[in-house]
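Since the structure comes first, as structure tokens, the remarks are kept for the end.
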Amino acid sequence: MSGRDVVVVGAGIGGAATAYWLTRAGRKVTLLERYDLGHDKGSSHGASRIFRFSYDETHWVADAMESLVLWRELEEETGATLITTTGGFDIGPNVEAHRRSLDECDAVSELIDAAEAHRRFPLIGFPEDQPILFQPDAGISHADRCVKAFVDAAVARGAEFRPNTRVEGIEVGDDHVTVRAMGEELTAECVVVSAGAWGKSLLGEIGLELPVTVTRETVAYFSTGGGVEVPSVVDWTGDPPFFSLWDPATDGLKTGWHHAGAVIDDPDVPEHPEERIISGLSRWVAERFPGADPQAVTAETCLYTTTADERFVIERHGRVVVGSACSGHGFKFGPVSGRRIADLALEVL
Ligand SMILES: Cc1cc2nc3c(=O)[nH]c(=O)nc-3n(C[C@H](O)[C@H](O)[C@H](O)COP(=O)(O)OP(=O)(O)OC[C@H]3O[C@@H](n4cnc5c(N)ncnc54)[C@H](O)[C@@H]3O)c2cc1C
């Protein structure tokens, strides 16, 4: 045998965090990534994702709160700034449920009226006929730094990281697994598949069904003139909802339209950002950010891997652990999801 405990497939936030927790448990790990670290073909690339506690179900709030503690630990360990707190708004009729969940978890939140919200954050124009919830712990995850921090910390604890190494197949034996990659056969006690949009086909080949739909989402960036770490906004009055956050790379606004993108079959077929979505985002920015330029500066795509109820798939099938923690909102939970995935792998060892 190789002496290797676990092969982790995929170095997005899911696989990177899993590798980290496995090395923290003293395990020998090889992390395989088919592209470069930080590539833009999957779900974890770019400079920012919304970090927020505010959810309408308590378990998400609790996990986000625990994640923040773990993100701060990782910041201490790596010296990287991973979360910037800007505060965040939820706008729309469902914010009462968010407020209840936040209260149950003893997280601070405040219902405020449009005039007061605008007084505090003049860049944003708030609707006067909708409830507005402010949660001060929200902000952004510095996405690319977060993934790198987990990989660096795992490597510092002895993990082997191989970028540009595509897993071609997995064979599950009685007492080990074999992972085929780039003409090599890697054996281990257990394999973790955290392959994002590619997980469905990779797992399908070994008879495991991943119940997810893959969509290609478009995000667009807008100028605020710079110098303002704009609070995150989730505008639930849109159908589907709009969201925005401060983007440190452009020092402007990053915006998206949750689940407005097209369903795709093959994540390897590149597509351009959708004009229909960029126009929708532009209209929303014109209405919600009177202080910003509604002409998009740039746009890009990103893949959502979504379950029917937007929860995550974290499960073990013998020596195969599946980690699919996306549904368009999984980044913030990276440390908690990665630990759950790693714990399932540890059951095998
Ligand atoms: C537009 C958009 C906006 C989002 N906004 C937010 C937000 O504001 N807040 C938030 O919390 N979350 C957000 N998310 C969700 C979050 O980004 C995802 O939950 C998270 O990035 C999923 O990470 P992952 O590791 O599961 O997948 P990925 O990042 O896709 O990682 C999977 C990796 O596996 C690799 N791989 C695949 N097949 C193989 C193979 N055969 N061999 C080797 N490697 C392989 C891929 O190359 C890839 O790097 C957003 C996502 C998108 C797309």
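Each number in this note's numbering comes from the position in the sequence shown (counting from 1) with 22 added on.
A virtual CB, placed ideally from N, CA and C, is assigned to each residue, including glycine.
Classify residue i: buried if its beta carbon has 16 or more other beta carbons within 10 angstroms, exposed otherwise.
i      : result
Val117 : buried
Glu296 : buried
Pro233 : exposed
Leu224 : buried
Glu138 : exposed
Gln157 : buried
Asp135 : exposed
Glu55  : buried
Gly340 : exposed
Pro292 : exposed
Ala141 : Before going further, note that residue 141 is Arg rather than Ala in the sequence given. Classification of Arg141: exposed, given that the 10 Å Cβ count is below 16.
Ser346 : buried
Arg298 : exposed
Ser301 : exposed
Ala178 : exposed
Val83  : buried
Arg362 : buried
Gly25  : exposed
Asp196 : exposed
Gly229 : exposed
Gly248 : exposed
Between the options, which lies nearest to residue i when the distance is taken from Cα to Cα?
i      : options                        : result
Pro115 : Asp261, Cys168, Val177         : Asp261
Pro263 : Leu275, Leu303, Arg188         : Leu303
Gly350 : Asp331, Asp159, Val291         : Asp331
Asp166 : Gly147, His61, Ile146          : His61
Gly161 : Gly345, Val30, Ile72, Glu126   : Ile72
Gly360 : Pro312, Gly191, Trp93, Arg298  : Trp93
Gly274 : Tyr77, Glu293, Ala321, Gly229  : Ala321
Val312 : Val130, Gly278, Phe143         : Looking at the sequence provided, one finds Pro at residue 312 rather than Val. For Pro312, the nearest C-alpha among the options comes from Phe143.
Thr21  : Cys127, Arg310, Val319         : The question about residue 21 has no answer, for the chain in this structure spans 23 to 371.
Glu97  : Asp112, Thr80, Lys170          : Lys170
Ser372 : Gly226, Cys127, Asp365, Gly248 : Past the boundaries of the shown model lies residue 372; the chain is included only from 23 to 371, so the question cannot be answered.
Thr80  : Ala129, Arg49, Thr108, Ala47   : Ala129
Val358 : Arg26, Val91, Met204, Asp159   : Val91
Trp279 : Leu230, Lys222, Ala242         : Ala242
Val18  : Arg338, Gly32, Ala364, Arg362  : Outside the shown range of the chain, which is 23 to 371, sits residue 18, and nothing can be said about it.
Ile113 : Ser266, His294, Asp174         : Ser266
Cys168 : Gly356, Ser254, Ala364         : Gly356
Asp257 : Thr100, Gly110, Glu206, Gly36  : Gly110
Starting from the C-beta of residue i, find all residues in its chain whose C-beta is less than 7 Å away, skip the five residues before and the five after it, and write them out in chain order.
i      : result
His198 : Met23, Thr209, Ala210, Glu211
Thr329 : Pro233, Val234, Val335, Ser349
Gly64  : Gly34, Gly218, Ala219, Leu325
Ala367 : Val28, Leu44, Cys212, Val214, Val343
Leu145 : Thr246, Val250, Val252, Phe311, Gly313, Ala314
Val319 : Tyr243, Phe244, Ser245, Thr272, Gly274
Is residue i near ligand 1, going by C-beta to nearest heavy atom under 6 Å?
i      : result
Lys354 : yes
Trp220 : yes
Arg338 : no
His351 : yes
Ile72  : yes
Arg56  : yes
Asp241 : Strictly speaking, residue 241 in this sequence is Val, with Asp absent from that position. Yes, since a heavy atom of ligand 1 falls inside the 6 Å radius drawn around the Cβ of Val241.
Cys348 : yes
Gln113 : One point to set straight first is that residue 113 is Ile, not Gln, in the sequence displayed. No.
Arg167 : no
Ile35  : yes
Gly68  : no
Gly217 : Note that residue 217 corresponds to Ala in the displayed sequence, not to Gly. Indeed, a heavy atom of ligand 1 lies less than 6 Å from the Cβ.
Ser24  : no
Val31  : yes
Ser123 : no
Gly64  : yes
Val189 : yes
Gly278 : yes
Enumerate in chain order the residues of its own chain whose CB-to-CB distance from residue i is below 6 Å, with the five nearest sequence positions on each side excluded.
i      : result
Ala219 : Val236, Pro289, Leu325, Thr327
Ala41  : Val30, Val51, Leu53, Ala176, Ala181
Asp58  : Pro185
Pro316 : Ser304, Val307, Ala308
Phe172 : Ala38, Ala39, Tyr42
Glu132 : Phe156
Met204 : Thr187
Glu239 : Gly283, Cys324, Tyr326
Can you find a CB in chain C that lies within less than 7 Å of the CB of residue i?
i      : result
Asp196 : In summary, chain C is missing from the structure at hand, where a single protein chain is found.
Excluding the 5 residues flanking residue i on each side, which residues of the same chain have their C-beta closer than 8 Å to its C-beta?
i      : result
His164 : Ala69, Ser70, Ala102, Thr103, Leu104, Ile105, Thr106, Pro270
Lys354 : Arg71, Ile72, Phe73, Arg74, Ala86, Ser89, Ser163
His67  : Gly60, His61, Ala165, Asp166, Cys324
Leu371 : Asp27, Val28, Arg49, Glu211, Cys212
Glu227 : Gly191, Ile192
Using 6 Å as the cut-off, classify the Cβ of residue i as near or not near the heavy atoms of ligand 2, replying yes or no.
i      : result
Tyr326 : For the structure depicted, ligand 2 is absent and the ligand set comprises only ligand 1.
Any 3 or more C-beta pairs closer than 8 Å across the segment 122 to 137 and the segment 285 to 293: Note that the segment 122 to 137 does not touch the segment 285 to 293; fewer than 3 beta-carbon pairs, one per stretch, sit closer than 8 Å.
The segment 134 to 153 in contact with the segment 180 to 192 per 3-pair CB rule at 8 Å: In the pairwise beta carbon analysis, the segment 134 to 153 is classified as not touching the segment 180 to 192: fewer than three pairs are separated by under 8 Å.
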